[in-house]
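For reference, the structure discussed in these notes is given below.
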Amino acid sequence: MAHDLTPAAGVGFFAGRHVLAEFEGIDASKLDDLAFLHTTLEDVLTQAGATVCDVISKQFDPQGVTVLALLSESHASIHTYPEIGSMFVDIFTCGDTADPELAAALLRDRLGAREAHINTVHRGHKVPAAGVVA
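For our numbering, count along the sequence shown from 1 and bump the result up by 9.
Listed below in structure tokens is the structure:
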């Protein structure tokens, strides 16, 4: 079945980039600081062009933090493991206003991760090149 890839007025393409990352070698105190992580995630997403609608977070006992950001472009999350200085990062954005790779790089740098594994998965339909009619 062929799909019409031309979006309706005001609607974007059914396409997005999903960044999946693991950061290691991070100071445990940063990974267990809910307020710092909440603010930092919101800041890097905004710097990367995302529109943050809401951010919620949860401090776990005895340690660890999860932060979830609802974006106009989709979502982002972090899950920390202070006991081993590591965290998982998930940033998915649709459209071309936000740059999830930039958000991940900014987050890596703000946390001072010594090691980072960052992968991008392209989801949805392939977006036609500018000026090309599908």
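Cβ coordinates follow ideal geometry from the N, Cα and C atoms, glycine included.
A quick note: this is a predicted structure, and the numbers were derived from the prediction, not measured.
Excluding sequence positions up to five before and after A113, its CB lies within less than 7 Å of the CB of V28, A30, V98, I100 and I127, all in the same chain and listed in chain order.
Within the same chain, L77 and D99 come within 6 Å of S86 by CB-CB distance, once the 5 residues on both sides are set aside. For the 9 Å CB-CB criterion, R26 and H134 do not form a contact. Using a 10 angstroms sphere on the CB of A44, the tally of other CB atoms stays under 16, which defines it as exposed. Residue burial annotation: T89 is buried, with at least 16 other C-beta atoms found within 10 angstroms of its C-beta. Counting along the chain, F45 sits inside the alpha helix (DSSP H) bounded by residues L43 to Q56.
For D118, the secondary structure class from DSSP, reduced to helix, strand or coil, is helix.
A Cβ-Cβ separation of about 5 Å places C62 in contact with L79 under the 8 Å criterion.
Here the alpha carbon of H47 sits roughly 17 Å from the alpha carbon of G94. The three-state secondary structure of K39, taken from DSSP, is helix.
Apart from the 5 residues on each side of it in sequence, S38 sits with its Cβ closer than 8 Å to the Cβ of P91 in its chain, given in chain order. For A59, the three-state secondary structure derived from DSSP is coil.
Per the C-alpha coordinates, the member of S83, A125 and D41 positioned closest to K67 is D41.
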